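Residue numbers (our numbering): 9 to 81.
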């Protein structure tokens, strides 16, 4: 094998390695972007659940306080 052919082969191998590395990085970035979107949706849903829980518990706490103030509880 001639030196020029060897250099070309090594160069091509390096290019393929770089292409493979970039593809892995893009795949990883895609996975991270998906995770960020999913987390945003989960955070929104969790916030709604917490709001619902707060709306449900406030009247219970107020009633409990009234009951303890009047000696019923």
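No residue lacks a Cβ here, since even glycine has one placed at the ideal position from N, Cα and C.
Bear in mind that the values here come from a model prediction, so they are computed numbers and not experimental data.
{"Item": "Start-to-end residues for the alpha helix (DSSP H) that takes in residue 61", "Value": "11-78"}
{"Item": "Pairwise C-alpha distance: residue 38 and residue 51", "Value": "20 Å"}
{"Item": "Euclidean distance between Cα positions of residue 17 and residue 40", "Value": "35 Å"}
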